[in-house]
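A.B. asks: Pasting in a structure now, in structure tokens, and then I'll have a few things to ask.
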Amino acid sequence: MRAFVVRPFGTKGGIDFERVERELIDPALARLGITGRTTGEIAAQGNIRSDMFQRLATADLVVADISIHNANVFYELGLRHALRDRATLLLRARADEVPFDLETDRYLAYAADDPAATLEALVRAIGATLDSTAADSPVFQLLPALAAQDPEALLAVPADFRDAVARAKDDGRRGDLALLADEVAGLGFEWERAGLRLVGRAQLGLGDWAAARRSWTRLLDERPGDGEARLLLGTVDQRLGDLDASDRVLGRVLDDGRLDRGGRAEAAALLGRNAKARWVGEWRGADAAERRRVAVQSPWLRTAIDRYALGFALDLNHSFSGLNALALVTVLLDLAGELPDEWSAAFPSDARAAVELDELRAERARLDGAVSLALRAAEAAGAADEWHALSVAEHALLTCDPRRAPWVATLYRRALATAGAFARGSAGAQLRLYRDLGIRSECVAAAL
Numbered sequence: 055m056r057a058f059v060v061r062p063f064g065t066k067g068g069i070d071f072e073r074v075e076r077e078l079i080d081p082a083l084a085r086l087g088i089t090g091r092t093t094g095e096i097a098a099q100g101n102i103r104s105d106m107f108q109r110l111a112t113a114d115l116v117v118a119d120i121s122i123h124n125a126n127v128f129y130e131l132g133l134r135h136a137l138r139d140r141a142t143l144l145l146r147a148r149a150d151e152v153p154f155d156l157e158t159d160r161y162l163a164y165a166a167d168d169p170a171a172t173l174e175a176l177v178r179a180i181g182a183t184l185d186s187t188a189a190d191s192p193v194f195q196l197l198p199a200l201a202a203q204d205p206e207a208l209l210a211v212p213a214d215f216r217d218a219v220a221r222a223k224d225d226g227r228r229g230d231l232a233l234l235a236d237e238v239a240g241l242g243f244e245w246e247r248a249g250l251r252l253v254g255r256a257q258l259g260l261g262d263w264a265a266a267r268r269s270w271t272r273l274l275d276e277r278p279g280d281g282e283a284r285l286l287l288g289t290v291d292q293r294l295g296d297l298d299a300s301d302r303v304l305g306r307v308l309d310d311g312r313l314d315r316g317g318r319a320e321a322a323a324l325l326g327r328n329a330k331a332r333w334v335g336e337w338r339g340a341d342a343a344e345r346r347r348v349a350v351q352s353p354w355l356r357t358a359i360d361r362y363a364l365g366f367a368l369d370l371n372h373s374f375s376g377l378n379a380l381a382l383v384t385v386l387l388d389l390a391g392e393l394p395d396e397w398s399a400a401f402p403s404d405a406r407a408a409v410e411l412d413e414l415r416a417e418r419a420r421l422d423g424a425v426s427l428a429l430r431a432a433e434a435a436g437a438a439d440e441w442h443a444l445s446v447a448e449h450a451l452l453t454c455d456p457r458r459a460p461w462v463a464t465l466y467r468r469a470l471a472t473a474g475a476f477a478r479g480s481a482g483a484q485l486r487l488y489r490d491l492g493i494r495s496e497c498v499a500a501a502l
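If you read the sequence shown in this note's numbering, its first letter stands for residue 55, the second for the next number, and so on.
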């Protein structure tokens, strides 16, 4: 984590600002393991103005000393308040009056003749500032619709590092990616997080789940509110078989009202996948003759449907969650139709079981139409990719007439022509699930 200190230099207004940094600010940041200081550390590196703008925009924390009327300090503080909504801490010794525009802002006071006396208070204040999710910038407080800048979007990862990551991923060299992650995390680069994120995505692409977990955990440690890191940690934990850890991470994402609907939809869908994994684990662990009975009676199937359906309701462009909800509703309906006694046993009466079955059919009809429309909308918007083509094929399978099985096979053949190894493996696993439960047998056989 990096800080940027905005303050006057030398002794002005009877305050020795070098001493204030030496005895108060620097020890507090060091206590918390935070690097980065003032423009003084970059004075010999070139354009101080350019570096100053970048650090004001990208620093995890800005500490600004507003003790005196210093034009540079107030200019830099204004830039910070305009670019970032939070993590700006104000300090002052009692010297000049606080300017009118900052009179309502909170600040920590220190004694100019004994700055070290405020050290413990500053450590607590920095911790509280970093933990807070509320905007401390008056600009963002008064303009709540204004979007804060993403600091990583303002930091360019050097081309040679990007190339090294791309080569390692293309060649499947997991060890090289791990070394790159250690390198970028250990040298304190300004672009450390952006570089580590690049490595983490490459590790996910190679299915190196344990290494990816280390990379995304580092990112989350640095930036606890990182939505992508939390989502992907939930994915990685699922792949590593730690479904409880995955549920905890994803549950926090789903409950985070600051995250956009797309991010919360993804979290709900991943929670659905966790429930689906538990469901599959139950019936795959049973004898072959008992699998269908265990599958239809497992409460995890309904949980998975509800989570996927919630994801789709949160974002109708999230066709992945809608398709999975449709798939599992189809499985449940097919199993309930073929195992009526097992279905009825889950309800207090046959009449109630019949009502639930009718509601399930209505739910399937709604999902079918909505998923079809979402897939067409994605294609019209130019958002079709390898997953989209496989989704179109699976939707056709779930709604197919057995006489049109060759058409389903054609759609899968087309999709597989451009699908990567991970996408092919995922599609194959889903088809084998249908096969093992005897769902849509003719169309599944053609697709396989």
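Glycine included, C-beta positions come from ideal geometry on N, C-alpha and C.
With DSSP run on the structure shown, which of helix, strand or coil describes Asp70?
C.D. replies: Three-state DSSP puts Asp70 in a strand.
A.B. asks: On the three-state DSSP scale, how would you describe Leu487?
C.D. replies: Of the three classes helix, strand and coil, the one that applies to Leu487 here is helix, per DSSP.
A.B. asks: Between Leu491 and Leu389, is the Cβ-Cβ spacing less than 8 Å?
C.D. replies: Yes, Cβ-Cβ distance for Leu491 and Leu389 is below 8 Å.
A.B. asks: In terms of alpha-carbon separation, which member of Ala331, Gly316, Leu465 and Arg255 lies closest to Gly487?
C.D. replies: The residue asked about is misnamed: residue 487 is Leu in this sequence, not Gly. Nearest option by C-alpha distance: Ala331.
A.B. asks: Would you identify the three-state DSSP class for Leu502, choosing helix, strand or coil?
C.D. replies: Coil, per DSSP.
A.B. asks: Mind reading off the beta-carbon distance from Cys454 to Val462? Whole number of angstroms is fine, and I expect it under 8 Å.
C.D. replies: That belief holds up - the Cβ atoms of Cys454 and Val462 are roughly 5 Å apart, short of 8 Å.
A.B. asks: Does DSSP put Phe58 in a helix, a strand or coil?
C.D. replies: Note: Phe58 maps to strand in three-state DSSP.
A.B. asks: For the putative contact between Leu231 and Ala265, defined by C-beta atoms under 8 Å, what is the C-beta separation to the nearest angstrom?
C.D. replies: Sure, about 7 Å apart at Cβ, within 8 Å.
A.B. asks: So for Arg146, helix, strand or coil by DSSP?
C.D. replies: The answer is strand: DSSP assigns Arg146 an E or B state.
A.B. asks: I need the boundaries of the alpha helix (DSSP H) containing Val303, first residue and last residue.
C.D. replies: Where Val303 is concerned, the enclosing alpha helix (DSSP H) stretches over Leu297 to Asp309.
A.B. asks: Determine, using beta-carbon pairs with one atom in the stretch 460-474 and one in the stretch 416-430, whether at least three such pairs fall under 8 Å.
C.D. replies: Verdict: no, contact absent.
A.B. asks: Distance check for Ala82 and Gly132, CA to CA, integer angstroms please.
C.D. replies: Straight-line Cα distance between these residues: approximately 24 Å.
A.B. asks: Check Leu115 in the structure and name its three-state DSSP category.
C.D. replies: Leu115 falls in the strand class under three-state DSSP.
A.B. asks: Return the residue from the list Ala405, Ala358 and Ala435 that minimises the CA-CA distance to Leu386.
C.D. replies: Of the candidates Ala405, Ala358 and Ala435, the one whose C-alpha sits nearest the C-alpha of Leu386 is Ala358.
A.B. asks: With the cut-off set at 8 Å, would you say Leu325 and Arg318 are in Cβ contact?
C.D. replies: No, they are not a contact pair.
A.B. asks: Between the alpha carbons of Ala113 and Gly305, how many angstroms are there, rounded?
C.D. replies: Rounded to whole angstroms, Ala113 to Gly305 spans 29 Å at the Cα level.
A.B. asks: Quick check on the DSSP output: the alpha helix (DSSP H) that includes Leu11 runs from which residue to which?
C.D. replies: Outside the displayed range of the chain (55 to 502) lies residue 11, so it cannot be described from this structure.
A.B. asks: Just list the alpha helix (DSSP H) runs in the stretch 192-247, keeping only unbroken ones of 4 residues or longer that don't cross its boundaries, in chain order.
C.D. replies: Complete alpha helix (DSSP H) runs here, min 4: 192-196, 213-224 and 228-240.
A.B. asks: Report the three-state DSSP secondary structure of Leu162 (helix, strand or coil).
C.D. replies: If DSSP states are grouped into helix, strand and coil, Leu162 belongs with the strands.
A.B. asks: Please work out which residues of its chain come closer than 6 Å, Cβ to Cβ, to Ala222, disregarding the five sequence neighbours upstream and downstream, and give them in chain order.
C.D. replies: Asp230 and Leu231, listed in sequence order.
A.B. asks: If you drop the 5 nearest sequence neighbours on each side, which residues of the same chain put their C-beta closer than 6 Å to that of Leu502?
C.D. replies: Leu485.
A.B. asks: Going by the C-beta, is Thr187 closer than 7 Å to any heavy atom of the ligand SAM?
C.D. replies: Inclusion of the ligand SAM in the displayed structure is not the case, the ligand content being empty and no account of it being possible.
A.B. asks: Quick one: give me the first and last residue of the alpha helix (DSSP H) that Ala407 is part of.
C.D. replies: It spans Asp404 to Ala434 - the alpha helix (DSSP H) in which Ala407 sits, taken as one unbroken run.
A.B. asks: Consult DSSP for Thr65 and reduce its assignment to one of helix, strand or coil.
C.D. replies: Strand, per DSSP.
A.B. asks: Once the 5 residues before and after Arg489 are set aside, which same chain residues still bring their CB inside 8 Å of it?
C.D. replies: Cβ neighbours of Arg489 beyond the five flanking positions: Ser495, Val498, Ala499 and Leu502.
A.B. asks: Classify Ala349: buried if its beta carbon has 16 or more other beta carbons within 10 angstroms, exposed otherwise.
C.D. replies: Buried: at least 16 other Cβ atoms inside 10 Å.
A.B. asks: In terms of alpha-carbon separation, which member of Arg61, Gln351, Leu414 and Phe366 lies closest to Leu143?
C.D. replies: The shortest Cα separation from Leu143 among Arg61, Gln351, Leu414 and Phe366 belongs to Arg61.
A.B. asks: Of all the options Glu417, Glu75, Val383 and Glu433, which has the alpha carbon lying nearest to the alpha carbon of Leu452?
C.D. replies: Looking at the Cα atoms, Val383 is the closest of the given residues.
A.B. asks: Closest to Gly181 by C-alpha separation, out of Met55, Glu336, Trp397 and Asp225, would be which residue?
C.D. replies: Answer by Cα proximity: Met55.
A.B. asks: So which of Asp262, Arg247, Gly288 and Trp263 has the shortest CA-CA distance to Arg272?
C.D. replies: Closest option to Arg272, Cα to Cα, is Arg247.
A.B. asks: Rank Asp119, Met106, Phe58 and Ala57 by C-alpha distance to the C-alpha of Leu74 and give the top, closest one.
C.D. replies: Looking at the sequence provided, one finds Val at residue 74 rather than Leu. Looking at the Cα atoms, Asp119 is the closest of the given residues.
A.B. asks: Got a sec, what are the start and stop residues for the alpha helix (DSSP H) Asn126 sits in?
C.D. replies: That run of the alpha helix (DSSP H) goes Ala125 to Leu137.
A.B. asks: Keeping to the same chain, check which residues put their C-beta closer than 7 Å to that of Glu336; ignore five residues upstream and five downstream.
C.D. replies: Contacts found: Val348, Ser352 and Trp354.
A.B. asks: I'd like the list of long-range same chain contacts for Ala98, defined as Cβ closer than 6 Å, with 5 residues on each side in sequence excluded.
C.D. replies: Residue confidence for Ala98 is low, a pLDDT of 47 falling below 50, so the modelled location carries little weight; the figure read from the coordinates is stated next. Closer than 6 Å at Cβ, skipping near neighbours: no residue.
A.B. asks: Ignore the nearest five residues each way along the sequence and tell me which others in Gln203's own chain have a CB closer than 7 Å to its CB.
C.D. replies: If we look at Gln203 and ignore the five residues flanking it on each side, its Cβ neighbours are Ala111, Leu137 and Arg138.
A.B. asks: Mapping DSSP to helix, strand and coil, what is Thr89?
C.D. replies: In this structure, Thr89 counts as strand in the three-state DSSP scheme.
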